[in-house]
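Asker:
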Amino acid sequence: MILTVRVTPRAARTGATGLHLQPDGRTALAVRLAAPPVDGAANSALVKWAAATLGLPRAAVTIEAGDTSRLKRLRLAGDSATLAARIEALLRQA
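Take the sequence shown: its position 47, counted from the start at 1, is 47 in our numbering, and no numbers get skipped.
Right under this line is the structure:
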């Protein structure tokens, strides 16, 4: 499964804040990260947060695109239906 996220680094705390509407009309999960965007720290924090939040091992979450961008595509290895349900639950809490 591919999950598009929009990252805001150097936030007060790490967590999802809802959905971000992109200029082209697509949506991305808005995620704030306490880590700074230096030396891959924010990318590592994003992978760690996504794995913990979605109940996946860290190796099951990889950044497919957007290493140096705020807009990133994460590849999530696992059952798509289960992951979709977990993401929907996350959005209800945000």
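Note that the Cβ used here is the ideal one computed from N, Cα and C, for glycine as well. Please read all numbers here as calculations on a predicted model, not as lab measurements.
With DSSP run on the structure shown, which of helix, strand or coil describes residue 77?
Answerer: Residue 77: coil per DSSP, three-state reduction.
Asker: Would you say the beta carbon of residue 73 is closer than 7 angstroms to some non-hydrogen atom of the ligand NAD?
Answerer: No copy of the ligand NAD occurs in the structure displayed, which carries no ligand at all.
Asker: Ignore the nearest five residues each way along the sequence and tell me which others in residue 15's own chain have a CB closer than 8 angstroms to its CB.
Answerer: Closer than 8 angstroms at the Cβ level, and outside the excluded window around residue 15, lie 31, 32, 49 and 94.
Asker: DSSP state of residue 95, grouped into three classes?
Answerer: Given a span of 1 to 94 for the chain in the structure shown, any question on residue 95 remains unanswerable.
Asker: Taking Cβ positions, are residue 5 and residue 42 nearer each other than 8 angstroms?
Answerer: The answer is no: Cβ separation not under 8 angstroms.
Asker: Does the Cβ-Cβ distance between residue 20 and residue 12 come in under 8 angstroms?
Answerer: Against a cut-off of 8 angstroms, the Cβ pair of residue 12 and residue 20 comes out as no contact.
Asker: CB residue 78 to CB residue 72, shorter than 8 angstroms?
Answerer: Contact: no.
Asker: Do you know how far the Cα of residue 82 is from the Cα of residue 88?
Answerer: Taking the straight line from one Cα to the other gives about 10 angstroms.
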